[in-house]
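In this text, residue positions in the sequence shown follow our numbering: the first is 225, and each later residue adds one. Glycine is no exception: its CB is placed at the ideal position from the N, C-alpha and C atoms. Nothing here was measured: the structure is a model prediction, and the numbers come from that model. Scroll down for the structure; my scribbles are underneath it.
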Amino acid sequence: MINLASSSFDGSIKLWNLQSDEPIAEIEGHAPFRVSKVKFHPFGRFLTTACYDHSWRLWDLETREEILRQEGHSKAVHDITFQCDGSLSATAYG
């Protein structure tokens, strides 16, 4: 069970189970750009990442695959949030 996600300056995202001292998985896709935010979708199955590469992505935590990539922000994406029911997301960049 994944109950924590961490991000890094090197673009890596680590997935953790707090009962272990080691990450249970790692997601790559933003490297070498810094990941500025990770956030769980309200349903718990998905994770979003915001990045300095001017994109944000949606990941399926069961398969560890990227299922959506949104590019085109004019600057680094610093934050992402969801509507409570998970139907909409909003990003902030600057």
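When the Cα atoms are used, what is the spatial distance from residue i to residue j?
i    : j    : result
D303 : E286 : 23 Å
C308 : P266 : 7 Å
Pick helix, strand or coil for residue i, following the three-state DSSP scheme.
i    : result
E250 : strand
Y276 : coil
H306 : The question names His, yet the displayed sequence has Phe at residue 306. Correct three-state label for F306: strand.
D234 : coil
Which same chain residues end up closer than 6 Å to residue i when comparing Cβ atoms and leaving out the 5 residues on each side of it in sequence?
i    : result
G253 : E290
Taking residue i as the reference, give the member of the options with the closest Cα.
i    : options             : result
S279 : D245, R258 and A229 : R258
CB-CB under 7 Å to residue i, same chain, minus the five flanking residues each way: which ones, in chain order?
i    : result
L242 : N227 and L228
A316 : H302 and D303
Closer than 8 Å: is that where the CB of residue i sits relative to any heavy atom of the ligand MG?
i    : result
A316 : As for the ligand MG, it is missing from this structure, which has no ligand bound.
Ordered along the chain, which non-local residues of its own chain (more than five positions away) have a Cβ less than 8 Å from that of residue i?
i    : result
W240 : I226, N227, L228, A229, S230, P247 and I248
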